[in-house]
Every structure is written in C-alpha cells, then in structure tokens.
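Going left to right, the sequence shown walks through residues 1 to 565 as my numbering numbers them.
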Amino acid sequence: MPDAPTLSQLELRVLDLVRDEVLQTPPGFGVSSDLFEAGLDSMAIMQLLLLLEEHYGVAIPVGSVSRANFKTAQTIAALLVEQGYAITQGAAEEPAPAPPPEPVALVPKAPPVPEEKFDRLPLRDCDFFTHAFDEMLRQAGQGGHIARSFIELDRAPDVVALKALLVRLQDYFAFPILTAQLKKPSFFSLPLWVPATNPRPLELQLWSDEKSVGTLLPHGAQKFADLQTKLDDIINTSLPQYEDGWMNVRFDLVEKADGSCVFVFSWSHLIMDGIGAEFFLLEINRLLGGGGEPVPGFDLTDLKDQRGWGERWKTAKVMPAFFDTVMSKPFEALGSAKLSAGRAHFQVITLTEAQSAEAARRSAEVSGPLINMPFHLACAMRAHQRVFSHRGQKPESLMCCVPIQVRRKGTRGPLFQNHLTMFFCNLVAEDLTTLDAAAQSLHKQHTRFIKEKIGDAFRDLMWMMRPMPPSLHMHFINWHMKGKFSSFYHSNTGVFAPELTHFGGAQVTNAYHVPSFSDPPGTGVFTNEKNGRLVLTLCWRAGTMTEEERAIFIGQLMSDLGVTA
C-alpha cells in the first residue's frame with residue numbers, strides 16, 4: 001500500500017479510481033462534482049465499495065453508505081478517514097481551491113461526427129448465448145428471445161411524423177441492424193450480422209379500442225374489444241426471420257378507451273438489451289424533434305480484444321467452481337419441467353408515490369439506503385416461495401440469473417448489441433424464512449460475484465463457447481443447469497430513461513419493460529421506476545399459475561415491499 005496521502009491527495013486518488021474503474025465522467029469533473037449526476041447507481045456503488053477496500057484496506061459497511069457521504073470524491077475520502085483510514089498528519093490543510101468555472105462557449109457546438117458505415121457486424125461474447133437461446137425458443141413455439149418496452153402516453157403522439165420516421169430510420173445508423181440477419185460466411189465461420197438482401201419496411205401497427213373516440217382510426221387503425229387481450233396479443237407475436245431478411249423490431253401504437261395511448265416497441269434480444277432499448281426510444285424521440293443529444297449506435301471496442309484462449313481461460317476458470325456452488329442444491333420453478341408453447345401474459349402494478357417511498361424506506365432498512373438489488377430480488381424470491389408453500393411443495397432452493405450491465409456507468413449508449421453479464425444466485429429454504437435473511441444472503445453472494453470477477457469470467461466463458469452450434473450450446477447450458485434455466489426471471493433496471501418525459505409530442509405517464517421469458521421457468525417479476533413511482537411487471541406463461549396462486553404471489557410481494565392495498 002502506498003504511503004499515506006494528505007486528505008486532498010486522497011480525494012484526488014479516489015477521483016482517479018472512480019474515473020478509471022467505475023464511471024465515465026464528463027470533462028471538468030472534479031473532486032466536488034456530483035457522482036450520482038454522473039451515473040453512479042447501486043451496482044456501481046457495490047463495485048466502488050469493493051475497490052475502496054482493495055485499494056485502502058477499509059471495509060465500509062453498506063448500511064453506512066448514504067447519498068450524502070457518497071456524493072463526491074471529497075465525501076468518500078472523508079468517509080474513508082471516518083472509517084479508520086490514516087492520512088498524513090501535520091498542519092491543517094488548506095482546502096483545495098475550487099476549479100475555475102469553464103468558459104462559456106461563444107460559438108455553437110459542432111455537429112456530431114456520424115458513425116462510419118460498415119457492412120458486417122461480429123457478435124459480442126454474450127450474443128452467442130442469446131443466439132442459441134433465441135433458436136431454442138423458436139423451435140419450442142415460444143416465439144424467440146424477444147422483449148417489449150412500453151411507453152404510456154397521455155394522448156396520441158404525432159402519428160404522421162412517426163410513420164415517416166420509420167420509413168427512413170435505418171439511414172441514421174452505421175449498420176442496418178433492424179432488418180439484418182445472421183449468416184455464416186463458411187461452414188467453420190462464426191455467424192455475423194449482414195444486411196438483409198430484401199429489407200422489409202418498418203411500419204407502425206395501429207390499434208384503437210372500440211370504446212374510444214377513435215383518434216387513430218383515420219390513420220388506418222384496427223379496432224379491438226379488450227385492452228389486455230390486445231397487449232397480450234402483441235407480446236405473443238414473434239418477429240419473423242425470412243430467408244432474405246429478418247424483422248428484428250416491431251412498433252405498435254394502441255389507443256385506449258379514454259384516449260390515452262400505449263406505444264409498444266418490440267425488439268429482438270439478438271440486437272439490443274433493455275438499457276439499449278431505452279436509449280433507442282430516446283433517440284426516436286430526438287429524431288421526432290424532441291431535443292437532446294444523439295445516442296451512439298455501436299461500440300466496437302470490445303470486439304478488438306486481442307486476448308486468446310489461454311488468456312481468456314485465466315479469467316473464465318473461476319466460473320465452473322462458482323457455478324457448482326450455486327447449483328449445489330436442486331432448485332425448482334413454478335412452470336413446466338420441459339419447454340412448452342403456452343401463451344405469455346403480463347400484469348403491471350404501478351405503485352403510488354407514497355407506496356414507492358415506503359418500499360424505498362424498507363429497502364434502505366434491509367439492504368442499505370443506496371443498494372436495492374438484494375431487496376427486490378429477495379421480495380421476488382419470497383413471492384415464489386409462498387406459491388410453492390401453497391402447493392405443499394418444499395424446494396431445497398430457488399435460483400435466479402440476473403442480467404448485469406457492463407456499460408461503463410455514465411455512458412450515453414450504445415444502442416445496439418448486448419452489454420451484459422449474468423449474476424447467478426440461489427437461496428436455500430432457511431434463507432427464505434425472513435426478508436432480511438434473504439436479502440443478506442443475496443448481498444453476500446453479489447459481493448463474491450464482484451470480488452471474484454465472476455461477471456468477467458462468464459463473459460470470457462461465453463467467448464470460448466462461440467464455435468459451438470446453437471443447439472450444442474443450449475445442450476451444454478441445460479446439462480449444467482439440470483434441465484431448467486432458473487427458478488424465475490428477474491431484473492431491476494432502475495429509472496426508465498429519465499430524460500424521456502415526452503414522446504412524439506405526447507407526455508409520458510409511465511414506462512416499463514416486458515422482458516423475454518421462457519417456460520421453464522414460466523414466470524418473471526421485473527421492476528423499474530418512472531416518474532417517481534415503482535413499477536412492477538409480473539409475467540407468466542399459461543398454465544404456470546392459477547388465478548388464486550397469482551393473488552397469493554402478489555399479496556406476498558406487496559407485503560414484503562411494505563405496500564398496503
């Protein structure tokens with residue numbers, strides 16, 4: 001460990017650690033700049049806590065972390081000293097002078113440099129698993145690995161402008177990925193994205209509730225009788241893959257009985273992840289005249305990684321032992337034991353601001369004021385356990401694989417491809433007896449995940465499995481996971497595109513994702529925030545839960561969140 005620094009030196013070293021390992025900070029970012037405004041979130045806080053322990057030998061308890069003492073490099077340095085880190089003693093330091101304000105630009109900013117066009121796009125590491133999973137779901141009649149992002153609007157957006165934009169949308173990106181298809185140049189080659197030989201047009205599907213005033217009818221909307229049935233129809237519609245080109249996205253605008261609308265963006269997980277979908281919607285709104293800075297489409301940096309199999313294995317080799325620990329106890333799922341083609345359904349529960357505040361308060365009590373992933377995952381675990389108990393079943397454990405973003409916090413974009421790794425965790429029966437015990441166990445497992453760099457190991461393992469055909473890839477995964485993928489699916493994506501307050505001229509009243517989910521396991525519970533409210537999306541396949549069981553599930557979930565009806 002280097003010699004003890006002065007306090008001002010410590011502040012600068014903390015800032016360098018944040019810049020190098022955690023956040024993409026903007027120009028002029030200093031020791032007194034707001035880390036949360038730069039993109040610090042709960043996952044980044046966990047990473048930073050472990051980095052501080054590694055670099056300074058001080059283990060800061062999660063419960064002692066607050067928005068006030070983790071706001072800047074200065075406050076973090078003060079917290080390190082408070083927790084026992086020794087700095088150079090001597091005369092009191094003069095406070096570091098505040099940096100001079102940056103000069104105000106007197107000329108307009110230069111327009112952004114457009115991304116250079118290219119005609120081939122390699123897959124990223126985790127995209128190979130996604131490709132295999134998509135093929136498996138299509139063969140099983142579950143439509144493919146397709147997710148949907150919903151935006152609820154107070155009225156219809158500018159339909160004419162939106163339709164016109166979709167016609168030319170692909171021209172704005174360096175590669176036409178929205179209709180591209182995966183092909184292998186030769187038998188022994190890895191699949192690549194190539195442009196469609198026959199790119200089909202992107203269209204806006206319009207629907208109008210027969211009880212509405214029919215604002216969308218003059219634009220060619222089709223009438224429907226029941227809103228939830230129509231939305232379920234949309235999430236059960238696959239994206240076709242033709243021999244001469246694929247449709248990797250779909251756009252639906254649904255007019256409700258009261259005149260408000262729901263915009264549904266369906267997207268193949270082969271081309272983007274949930275955060276990319278939020279950036280994509282921001283970019284659509286910008287192109288519609290909504291303002292804001294452009295969002296980059298692609299980041300090919302990782303594709304230039306020159307490490308070979310030997311170097312990759314040095315990272316990946318910790319994964320098997322970690323996975324054996326997670327899989328040491330048999331786990332169960334509420335759905336069928338084998339792949340089934342049951343219809344997908346979903347229910348959205350949006351809490352009030354008061355209920356959301358109470359859930360946040362309870363999360364702070366259980367997991368600390370700024371770390372919410374263990375709390376929400378524990379709530380989802382216990383809701384599933386409650387249904388098993390109702391059935392008279394006592395599974396030895398529940399297991400969940402949670403997607404974790406690998407984009408540097410604070411970065412804007414990119415839109416396309418998956419920037420994810422997976423956090424695998426499990427809870428045995430005794431862990432599930434109380435919410436606190438469940439959350440504490442998950443917190444410990446997540447700490448190990450970060451300390452041992454399991455996320456990096458998983459990504460390098462996926463890279464090493466690239467040559468496997470999709471069917472063999474999934475056979476390998478199934479063998480390791482004993483025929484099931486998870487007890488359920490879960491993610492917490494935080495605040496849904498906070499800049500997205502309007503879309504196409506209409507006000508955004510709510511937003512959430514309905515991620516792709518398979519049977520098995522048959523269920524998923526996903527969380528995000530929008531407009532200061534917590535949004536819960538419960539998903540299930542037909543036959544997975546009865547109406548009574550779903551009521552039991554929701555009751556347990558709400559109880560653990562501290563929400564009363």
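Where a beta carbon is used, it is the ideal one built from N, C-alpha and C, also for glycine. As the structure is a prediction and not an experimental result, all values here were calculated from the model.
Measure the C-alpha to C-alpha separation of residue i and residue j and round it to an integer number of angstroms.
| i | j | result |
| --- | --- | --- |
| A161 | G562 | 44 Å |
| L288 | V159 | 10 Å |
| M567 | L17 | There is simply no residue 567 to check, as the chain begins at 1 and stops at 565 in what is shown. |
| C379 | V62 | 19 Å |
| L377 | A357 | 18 Å |
| G494 | H390 | 31 Å |
| N69 | I76 | 6 Å |
| R168 | F251 | 14 Å |
| L472 | P414 | 30 Å |
| V14 | L253 | 47 Å |
| P97 | M558 | Residue confidence is low: P97 scores 49 on pLDDT, short of 50, so the model does not pin down where it sits. Its coordinate-derived value is still stated next. So the alpha carbons of these two residues sit roughly 49 Å apart. |
| R67 | D233 | 43 Å |
| Q24 | E283 | 20 Å |
| P330 | P395 | 7 Å |
| P95 | S8 | Because P95 sits at a pLDDT of 47, beneath the cut-off of 50, its placement in the model cannot be relied upon, and the following sentence gives the value as read from the coordinates. The alpha-carbon atoms of P95 and S8 are separated by roughly 8 Å. |
| A38 | R19 | 11 Å |
| Q170 | N285 | 15 Å |
| T433 | F263 | 40 Å |
| P320 | D273 | 26 Å |
| L281 | Q393 | 43 Å |
| W309 | P515 | 33 Å |
| Q405 | S33 | 24 Å |
| T6 | Y85 | 11 Å |
| P111 | T350 | Reliability fails at P111, whose pLDDT of 43 lies under 50, so the model's placement of it is uncertain and no value is given. |
Does the separation of the CB atoms of residue i and residue j fall below 9 Å?
| i | j | result |
| --- | --- | --- |
| F496 | L398 | no |
| S491 | V402 | yes |
| S42 | I454 | no |
| S212 | G245 | no |
| A344 | Q142 | yes |
| L190 | P467 | yes |
| L123 | L182 | yes |
| P195 | P176 | yes |
| Y56 | L40 | no |
| V249 | I275 | no |
| L11 | V31 | The amino acid occupying residue 11 in the given sequence is Glu; Leu does not appear at that position. It is a contact, given that the beta carbons lie within the stated cut-off. |
| L50 | T447 | yes |
| V348 | V65 | no |
Under the rule that 16 or more other beta-carbon atoms within 10 Å means buried, what is residue i, buried or exposed?
| i | result |
| --- | --- |
| D154 | exposed |
| Q385 | buried |
| F118 | exposed |
| N418 | buried |
| N528 | buried |
| S186 | exposed |
| G335 | buried |
| T315 | buried |
| G144 | buried |
| Q306 | exposed |
| G220 | exposed |
| D226 | exposed |
| L204 | buried |
When the Cα of residue i is compared with those of the options, which residue comes out closest?
| i | options | result |
| --- | --- | --- |
| F128 | E11, M464, G522 and T493 | M464 |
| T509 | L15, S518, E499 and I177 | E499 |
| L339 | D125, S518 and A4 | S518 |
| W267 | R307, L227, A225 and T179 | T179 |
| V318 | A457, D125 and E21 | A457 |
| A132 | P515, P469 and E547 | P469 |
| W540 | I235, E53, I60 and L166 | I235 |
| L48 | K71, R362, S363 and P374 | K71 |
| M381 | V525, A164 and E116 | V525 |
Just to confirm the assignment, what range does the beta strand (DSSP E) spanning residue i have?
| i | result |
| --- | --- |
| F224 | Q222 to F224 |
| S208 | L204 to D209 |
| M422 | L420 to V428 |
| S238 | Careful: S238 lies outside any beta strand (DSSP E) and carries neither H nor E. |
Can you tell me where the alpha helix (DSSP H) with residue i in it begins and where it stops?
| i | result |
| --- | --- |
| T130 | D125 to Q139 |
| A506 | A506 -> not in any alpha helix (DSSP H); beta strand (DSSP E) instead, spanning A506 to V514. |
| E53 | S42 to Y56 |
| I552 | E547 to L561 |
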